[in-house]
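*Asks:* Before we start, here is the structure in question, set down as structure tokens.
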Amino acid sequence: NASAWEKRQHKRYGKITNTCRSIDYDIKHGVTNEEVLSLLQKVRNHSSFSSLRENEGSIERLEEVEKYFVPSKSKGW
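In my numbering, the protein residues as written are 549 to 625.
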């Protein structure tokens, strides 16, 4: 059971936008986009992360983060 402080912290920092912002900060300081995508694939597929994948909605949240960091295909006119 989470304490009131933990609930406030999750409400404040536990959203997808904050996760993406944190990863953006890491990219700004030397992590490559390929490393980020590699880690997300590892979370999706590796057995050591199986307990995380069992949480309700975890795959959907992972897909949202992946969508943010997958290079978009530029439209040529």
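We put the beta carbon where it would ideally sit given N, CA and C, even for glycine.
Measuring only the C-alpha atoms, how far is Leu585 from Ala550?
*Replies:* When rounded, the distance between both Cα atoms is 31 Å.
*Asks:* Note down the Cα distance separating His558 from Glu611, rounded to an integer number of angstroms.
*Replies:* 20 Å
*Asks:* Please specify which runs of the alpha helix (DSSP H), each continuous and at least 4 residues long, are wholly inside the region 577 to 613, giving them in chain order.
*Replies:* Correct list: 581 to 593 and 598 to 601.
*Asks:* Please go through the same chain and pick out, in chain order, the residues whose beta-carbon is closer than 8 Å to the beta-carbon of Asn581, but skip the five residues on each side of it.
*Replies:* Ile575, Phe617 and Pro619
*Asks:* Residues in the same chain with beta-carbon distance under 7 Å from Thr567, minus the five sequence neighbours each way, listed in chain order, please.
*Replies:* Val613
*Asks:* What is the C-beta distance between Arg609 and Ile564, in whole angstroms, given that I count them as a contact (C-beta under 8 Å)?
*Replies:* 6 Å
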